[in-house]
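Data first, discussion second: the structure below is written as structure tokens.
Number of protein chains: 2
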Amino acid sequence: MAGPARQQANEPRDAVKLWLRLYRPVSLIERELRSRFQREFAVSLSRFDALSALQRAPDGLLMGELSDRLLVTNGNVTGLISRMVVDGLVTRDALPQDRRSFRVQLTEAGQETFARMAHAHADWLAELLADLPGQTVSSLGEQAETLLHCLRTERTG
Amino acid sequence: MAGPARQQANEPRDAVKLWLRLYRPVSLIERELRSRFQREFAVSLSRFDALSALQRAPDGLLMGELSDRLLVTNGNVTGLISRMVVDGLVTRDALPQDRRSFRVQLTEAGQETFARMAHAHADWLAELLADLPGQTVSSLGEQAETLLHCLRTERTG
DNA sequence: ACATTTTATTTTAGAAGTAAAATATATCCG
DNA sequence: CGGATATATTTTACTTCTAAAATAAAATGT
Chain A
1 MAGPARQQAN EPRDAVKLWL RLYRPVSLIE RELRSRFQRE FAVSLSRFDA
51 LSALQRAPDG LLMGELSDRL LVTNGNVTGL ISRMVVDGLV TRDALPQDRR
101 SFRVQLTEAG QETFARMAHA HADWLAELLA DLPGQTVSSL GEQAETLLHC
151 LRTERTG
Chain B
1 MAGPARQQAN EPRDAVKLWL RLYRPVSLIE RELRSRFQRE FAVSLSRFDA
51 LSALQRAPDG LLMGELSDRL LVTNGNVTGL ISRMVVDGLV TRDALPQDRR
101 SFRVQLTEAG QETFARMAHA HADWLAELLA DLPGQTVSSL GEQAETLLHC
151 LRTERTG
């Protein structure tokens, strides 16, 4: 109970405190980005995230790879991509060698749309974070990286 | 274009990099908490957040105060609280002095439910963060706090 | 008093998300 | 080969969430 040793974050109170301190600003930024994407491009943050993941994968992604990268369920990706196909942002083609799988790829329109949005996204973040001291930017980033690698989630990756 | 001065986080590339480094681990933790609340208590993270906000406010909260604290829209809170009223976790009573407003308060059942969930929540976080060095916990927390205060969102607070 | 505006909330229509069951195809192993 | 199991995705039923319009009560100004 009153043990003096606590090298790590395993004090429940400290863990909750750290979590809330991270969660609040991240939620605020997320909310702000979401509403700006809606206002300026009439597009959801999820769509931007999907375009972003696809842009990094020149050969496209399977539905399952996409749901892994976006951290959402398969069922969610099914609907998200269906709507994006309708809007001409991506294509979704069956693989000949495995008829269960589908390869999703950006269309040219999707690439152009993404490029415009990515530019705005970067500017918005620079603006939102403009008051943060440069030193905090780098060290906060490094420690967030450490957090990612130390995380004990089921699917650590 | 090639200006040498960049004291702050206003280099778009740096800002995006920091954002992604924060967003990834926070999303992973959020996802993990969400699924554990579902598995163990058959309850959404949103409900836990709502109970948590109400617990901090002994005199209850107005619908609008709740949507401010939860960073979600009024319409969302309407539905969320309606379902929680049905399940007996909260009460929602009109104010006599302002008939537009409603005071939401935890019921005794809501308090008990919250207490059990809060305990599990703290344990889960301690477990998830167990590998994080204690020094990182405190300094990451402090810098996240700095981030919160420096944020240039519309509703800065 | 009374029209105007502001504030608090709900409603509406629909996107985004989940868990769990269903479907369909591949793979594995006797 | 054929049955069992594993994999990839969709479907289903539902909650969560948003933006925008609607409702209703309060506050304000002349």
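As given, the protein sequences belong to chains A and B, one line each in that order.
For reference, each letter of the first sequence is one residue, going 1 to 157 in this note's numbering.
For reference, each letter of the second sequence is one residue, going 1 to 157 in this note's numbering.
The C-beta atom is built at its ideal place from N, Cα and C for all residues, glycine as well.
Next on the checklist: Would B/E145 and A/R21 qualify as a contact pair, given that the criterion is a beta-carbon distance under 7 angstroms?
Outcome noted: Taking a C-beta distance under 7 angstroms as the contact criterion, B/E145 and A/R21 qualify as a contact pair.
Checklist entry - What are the boundary residues of the alpha helix (DSSP H) that includes A/R31? => result It spans 12-41 - the alpha helix (DSSP H) in which A/R31 sits, taken as one unbroken run.
Checklist entry - At a Cβ threshold of 7 angstroms, is B/T73 touching chain A? => result Using beta-carbon distances, B/T73 does not count as an interface residue toward chain A, since no partner is under 7 angstroms.
Checklist entry - Once you ignore the five residues that flank A/S67 on each side, which residues in its own chain have a CB closer than 8 angstroms to its CB? => result Excluding sequence neighbours, A/S67 sits near T73, N74, N76, V77.
Checklist entry - Counting contacts by CB-CB distance shorter than 7 angstroms, is B/S27 in contact with chain A? => result Taking Cβ atoms only, chain A reaches closer than 7 angstroms to B/S27, which makes this a yes.
Item to check | Beta carbon proximity, A/A15 to chain B, threshold 7 angstroms | outcome: Closer than 7 angstroms to some Cβ of chain B, the Cβ of A/A15 qualifies, so yes.
Item to check | Partners in chain B for A/D123, counting only beta-carbon separations shorter than 7 angstroms | outcome: Below the 7 angstroms Cβ cutoff, chain B contributes P12 as neighbours of A/D123, in chain order.
Next on the checklist: According to DSSP, is B/R83 part of a helix, a strand, or is it coil?
Outcome noted: Three-state result, B/R83: helix.
Next on the checklist: Buried or exposed, going by whether 16 or more other CB atoms sit within 10 Å of the CB of B/R39?
Outcome noted: It is exposed - the Cβ of B/R39 has fewer than 16 other Cβ atoms within 10 Å.
Next on the checklist: Mapping the DSSP letters down to three states, classify B/L171 as helix, strand or coil.
Outcome noted: Outside the modelled stretch of chain B, which goes from 1 to 157, sits residue 171 of chain B, for which no answer is possible.
Item to check | Anticipated Cβ contact below 8 angstroms, B/T107 with B/V90, distance rounded | outcome: So it is a contact: roughly 6 angstroms between Cβ atoms.
Item to check | One or two residues paired with A/L61 in a DSSP bridge | outcome: Its beta-bridge partners are A/V104.
Item to check | DSSP three-state assignment for A/R56, whether helix, strand or coil | outcome: The answer is coil: DSSP assigns A/R56 none of H, G, I, E or B.
Item to check | A/V90 - containing beta strand (DSSP E), residue span | outcome: Residues 90-94.
Next on the checklist: Using 7 angstroms as the threshold, is the C-beta distance between A/A118 and B/A126 below it?
Outcome noted: Not a contact, by the Cβ cut-off of 7 angstroms.
Next on the checklist: Just to check my reading of the structure: A/L95 and A/R83 have Cβ atoms closer than 8 angstroms, yes? What is that Cβ distance to the nearest angstrom?
Outcome noted: The pair is not a contact, with the Cβ atoms about 22 angstroms apart (cut-off 8 angstroms).
Next on the checklist: For B/A50 and B/L70, I'd like the C-alpha separation in whole angstroms.
Outcome noted: Taking C-alpha positions only, B/A50 is separated from B/L70 by approximately 7 angstroms.
Checklist entry - According to the neighbour-count rule (16 or more other Cβ atoms, all chains shown, within 10 Å of its Cβ), is B/Q143 buried or exposed? => result Result: buried.
Next on the checklist: Between B/P12 and A/D123, how many whole angstroms is the CB-CB distance? I'm expecting something under 8 angstroms.
Outcome noted: B/P12 to A/D123, Cβ: 6 angstroms. Contact.
Checklist entry - How would you label B/P25, buried or exposed, when you count the other beta carbons within 10 angstroms and need 16 or more for buried? => result Looking at its Cβ environment, which holds 16 or more other Cβ atoms inside 10 Å, B/P25 is buried.
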